[in-house]
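Chains as they are written, first to last, in this note's numbering: chain A, 408 to 707; chain B, 9 to 242; chain C, 545 to 1151. From the three backbone atoms N, C-alpha and C, an ideal C-beta is built for every residue, glycine too. Since the model is a prediction, treat every value here as computed from it, not as a measurement. What follows is a short report on a single structure.
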Amino acid sequence: MISATNFVQLLFSGLAMGAIYALTAKGLFIAHLATARMNFGQGEFLMIAAYLSMALILAGIPVAVSAVVVIAVMGALGWALERFALRPLDRFRSLAGGQYSWVLTTMGVALIIQNVATLVWGKSSQYSPPLFSESRSNVIKVFGVGVFVEELVVIVTALVVVAFFYWFLFRTRQGRGIQAIAFNPEAATLLGVDVRRTVTLVFVLAAVLAGISGILVGPIVTVQPHMGLVFTVKAFAVASLGGFANPLGVLVGALIFGITESFSNYFNSKFGDLIPLIIVLVLLVIKPSGLFGEAKADVR
Amino acid sequence: MIRLQKVSAGIGRITILRDIDLEVRSGEIVAVLGANGAGKTTLLRVISGIVPMKVGSIDFDGNPIAGTPAHTLARSGLVHVPQGRQIIPALSVAENLTIGALNLPGMTKAELESKAEAEYSRFPVLKERSSIPGGSLSGGEQQMLAISRALMMRPKVLMLDEPSLGLAPRLVARIMMELAHLSKTGIAILLVEQKLAALDIANRAYILKNGQIVHSGGAAQLKNDAAILSHYLS
Amino acid sequence: MSADSQRIWLRNLGYLAAALAILLVPAIANDFHVHLAQTLFYTAIAVIGLNILLGLSGQMSLGQAGFYAIGAYGSALLSSQLGMPLAVSMAAGAFLACLAGLLVGLIALRARGLYLAMATLAFGFIVEIGAQRWTDLTGGTMGIFGIPSLDFGSRSMGKSYFLWVAGALYLGSQIVSDYVFASRYRRNLLALKENESSAQTAGINVPVWRTAVFAVSALAAGMAGVLFTHQSAYINSDAFTLNLTLTLLIATVIGGLGHSYGPIIGTLITLLIAEIIASFYDVSFMIYGIILLTVLLLFPQGAIGLLQKIAGFSRIGTSRKTSQPREPISNSLVATREGREVRGGGPALRIDGLTKRYVGVTALKDVSISVELGTVHALIGPNGAGKSTLINVVSGLYAADAGRIVLGGRDITHLPCHARARLGLARTFQNLQLVPSLSALENVMIGIRRRRGAAADFAAWMTSAHFDQIERGHALLLLQQFGIAHVSDARPEDLPYGHRKLVELARSIAEEPAVMLLDEPIAGLNDEEARQIADVIRRIRNEGTTILLVEHNMDFVMSLSDRVTVLDYGESIAEGTPAEVRSDARVVTAYLGVGLDTEQAKLAIAT
């Protein structure tokens, strides 16, 4: 059995990791929404952001400043990804393999990033300093149970960012432009939406989301050059679970995934992290387009 | 307001439009009639800059528009209501209404609101439904929304691709009436249709067949010329 | 010897030469190169499977390493732990992988695109983690030692023997792949990939094909895994990561996706790159990534595409020039119709109280139509009256909400689309549904039913240049009769609209249907083309085919139809002979309401 303390702690670590997955998956979601493509190196983007943030903080730069720098760098990286690894593919869309070339080009970029990280920071795991407290193990009491401050902050930040995205997607000119493109790029053009710029914006945003996840995740896991793939796989799983066209589904899917993982790891340290993936696989059998489905018209 | 000279266009190796000469002046309704596959939709797509033309020139408001991106044209008043209405189902009626106007240069919140109010009084049903998703409107309501959405974009030229498609007769009449009314405000209207009902409101008409204009003339005269109609529309 | 049979002899000679070359490799190569050749051959097998899966059926798998691993561990454990003979353990390993593929294929059946990629990625990841952590079974990263080598007991010749086995299996797979690319399998898989609804209505059982092609690609990956296991007599979990899946995918794309010889070339290039970059240890991944980007962005069609460009061919090996048929198979359009003759004296197609609702809209309201045998029955009505919906429900693309559909005395209301097609129901689409990457002729061939089993067809392909002569001839004959035989090798996108309509009509006639559903067959055609279509429809009607037709053009409908049903707002408002319908007040109102419109104008002119 499980004690109340353990239960609450597991719940919070699950929520924290779920929040990270939600942020990472949001990036996949928004890119897929607008372009039917996404960055298969989303996890590597997260990884490089975690390293950058760690390096800057260790160099004595204040957390807030380093976060801004990392986010700016990630935005630039997202721009470059779209400009050099994705947009050139538009010419080949109609060719035999053209439909899937983006999988391989974004993975190619991921390999390069991974290699750079190995060259700069080495292969071994490192610990990123905490962002909001003196030590990684600082706790505060919630309902009488100790909860790690870092985890709590991750959860809150993620919720704020997700809320911001919801607002962005439905309330701003650019957000509605993205929805118009998702529905029909040609119709969007006729409404005055600059499709090319909006697509670039989308990949910048996706990279920024990976960046925020990277900054937040550093202090609650260990950072190493090969951590990216797992995050890509899980973010992908979460986005599928939530339904690639449902902005709230991603959040719900991510939190369910994170909590399931947290508890299954506790009960079975060996195969625990497989359980959520198997659950996703089973759910995909029952609901082939995600838990919350895709509104038919949104799929194009 | 818009003028095409010797325009040819196509997709890939296929030529869809040949030697099109066409003009729409301010305050005029021009109908383009033709059967399925005659090239009507492509004609509008060429004018709005989505399909590049191969030969010829298009002037809009006195300026050649070759090479101008489609979204820029849309922002400068060359507004195209595409076939199928293209209402974004996930957004509300109100959001759909403003989605195009939002992209216009210098659009203020006040102007947006006053324009929206004007459209709501044009089609009161849109106001009643302003908060429901666009996807749950009926075909006729969607067509009204599509026209209102275009009118929000300060159109100088309004191009409509078969607005009557799939609508009940009563609604077709309602839409046509509204277009006739609009043209009196100085907007140039280019109406692509299969239905001859378009001739009831048009000043002039062109008949498109296999990518070429095979007849042009006054709408009233064409309407009564059964020989031409049966020959070219079959 | 004709040019055709010469081509077959050359091809078979090529296989023989390849076999000889494989035999000779050990004699001329050093140990390192022999090892490389072994790896090339078995890896290419897995890539061949992926090429068929992705290149032909269009299904993205990110889990091939999982199948590879299942084959590898299966044979490793059965031979080392249970002491099974290698032949048995290897077959069992490959079979297990195939079984896993079948399972994943079934799981992924309803998932498309990214969800399918996700499902397979999750599968691969689960196998990878399992291999790593289920140490009791797999030894994890420590691995399994003492796996028997495939060396037939000979230490000195073992490497050569292995090479020969791997080479033979590769060659066999290559031949099968060549056959797949030359036969109806390629056509059907491409139809599946590019136009699922047209594949269904041509009688292709989509779920079965989808699952089967998954199983085949898993079998190929499993065979590769099995060979890998017995190459080095040691395996550990590091070999089965997502990197392996990626390598296979990269080899497929670099070689040239959707070409039968893409896999072997792509595998060779990938292995060479791996050898070269291994010496740049620190930056090897970076170089790999850069090569990947360069190739995909500059040579998107892969090595084969590049070679073709250099050689000036555009479509080598995918579509061959069709020779004219020696003799017409038959002068009739509908060649034979054994076993699909409509039974009994009742109507060929009976629609009873059919109702179809979409969200908020009733598209069809209790519609009943009886289409008599050997007649042309037209369905008219204003836009949005529900005509296309009716065709879609009858052909099985949409399910009916109420009512019955009876084809020749048999209730087909609950049959899937492909089963209805096989019972003799063919259709065309209002907005054409042709398979873009097939030629006009091949599009027609999709409609033609198979005349023999896969084994007999394969044997015919091995020995004769004319293995599909009957199908080709029949398809060509149809195109000839429509006057478009000269464009038989062109792809749909290069054909004028009218020709495309004719191709689609030819495809549905090729199905030798008892009942044909034609959705606006002359929309967008000029007078001459419309007359041609009318002639064809008359001929097939005279040859006994029953036709249900949706069309706007009144002249066409009135001159061609035996009976006419008028739909308005989803309800049948009138039925009768053309003359009766023309004078029916309700019909005139239905049309008149729109003002003076095209149909009404023509009606006025016609009377």
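Nearest C-alpha to residue 993(C) among 1026(C), 978(C), 1056(C): 1056(C).
The Cβ neighbour count for residue 936(C), taken over all protein chains shown within 10 Å, is at least 16; the residue is labelled buried. Taking the beta carbon of residue 601(A) as reference, the chain B residues within 7 Å of it are 79, listed in sequence order. Looking at the DSSP output, residue 774(C) bridges to nothing. At least one C-beta of chain C is nearer than 9 Å to the C-beta of residue 43(B). DSSP places residue 61(B) in the uninterrupted beta strand (DSSP E) bounded by 61-68.
Closest in C-alpha terms to residue 648(C), from the list 691(C), 603(C), 899(C), 1115(C), comes 603(C). Distances from the alpha-carbon of residue 83(B) to those of 195(B), 42(B), 115(B) put 115(B) closest. Note that the segment 973-988 of chain C touches the segment 736-750 of chain C; at least 3 beta-carbon pairs, one per stretch, sit closer than 8 Å. Every alpha helix (DSSP H) stretch that sits fully inside the segment 576-636 of chain A and reaches 4 residues is listed by chain position as 580-590, 592-597, 602-624. The alpha-carbon of residue 827(C) is positioned some 27 Å away from that of residue 665(C). Sequence-distant partners of residue 1076(C) (beyond 5 residues in either direction) whose C-beta falls short of 8 Å from its own C-beta, in its chain, are 1026, 1027, 1046.
Looking at the backbone, the Cα of residue 588(C) and that of residue 54(B) are separated by about 47 Å.
For residue 979(C), there is no enclosing alpha helix (DSSP H), as DSSP marks it with neither H nor E. Of the candidates 15(B), 35(B), 69(B), 79(B), 79(B) places its Cα closest to the Cα of residue 603(A). Not a single CB atom of chain B sits nearer than 9 Å to the CB of residue 738(C). In this structure, residue 95(B) places its C-beta atom within 9 Å of the C-beta atom of residue 150(B). For residue 509(A), the closest alpha carbon among the candidates 626(A), 683(A), 442(A) is that of 442(A).
For the 9 Å CB-CB criterion, residue 108(B) and residue 158(B) form a contact. Across the segment 586-601 of chain A, CB contacts with chain B closer than 9 Å involve 586, 587, 589, 590, 591, 593, 594, 595, 596, 597, 598, 599, 600, 601, in sequence order along the chain. Residues of the segment 205-238 of chain B with a C-beta atom less than 8 Å from some C-beta of chain C are 205, 207, 208, 217, 218, 231, 234, 237, 238, listed in chain order. At a cut-off of 9 Å between beta carbons, residue 139(B) makes no contact with chain C. In chain order, 599 make up the part of chain A whose C-beta sits under 8 Å from the C-beta of residue 83(B). Here residue 914(C) has 891, 894 as same chain residues with Cβ atoms under 6 Å from its own Cβ, once five neighbours each way along the sequence are excluded. Cβ-Cβ distances below 8 Å link residue 712(C) to 563, 566 in the same chain, with the five nearest sequence neighbours on each side left out; the list follows chain order. Within its own chain, the residues whose Cβ lies closer than 6 Å to the Cβ of residue 478(A), once the five positions on either side in sequence are excluded, are 615, 618, listed in chain order. When only Cα atoms are considered, residue 579(C) and residue 1034(C) end up about 44 Å apart. Residue 427(A) places its beta carbon less than 9 Å from that of residue 638(A). Contact note: residue 522(A) reaches chain C through 826, 827, 828, 829, 830, 831, 832, 833, using a C-beta cutoff of 9 Å and chain order. Residue-level contact by beta carbon holds for residue 584(A) and chain B, with a gap shorter than 9 Å. The segment 670-679 of chain C makes contact with the segment 767-784 of chain C: 3 or more CB pairs, one atom from each, lie closer than 8 Å.
In summary, residue 160(B) is buried, with 16 or more beta-carbon neighbours lying within 10 Å of its beta-carbon over all protein chains present.
What residue 673(C) touches in chain A, judged by beta-carbon distance under 9 Å, is 678, 680, 681, 684, going in chain order. Residue range 893-902 is occupied by the beta strand (DSSP E) that includes residue 896(C). In the three-state scheme derived from DSSP, where H, G and I count as helix and E and B as strand, residue 74(B) is classed as coil. Distances from the CA of residue 690(A) to each of 540(A), 563(A), 416(A), 645(A) were compared; the closest alpha carbon is that of 645(A).
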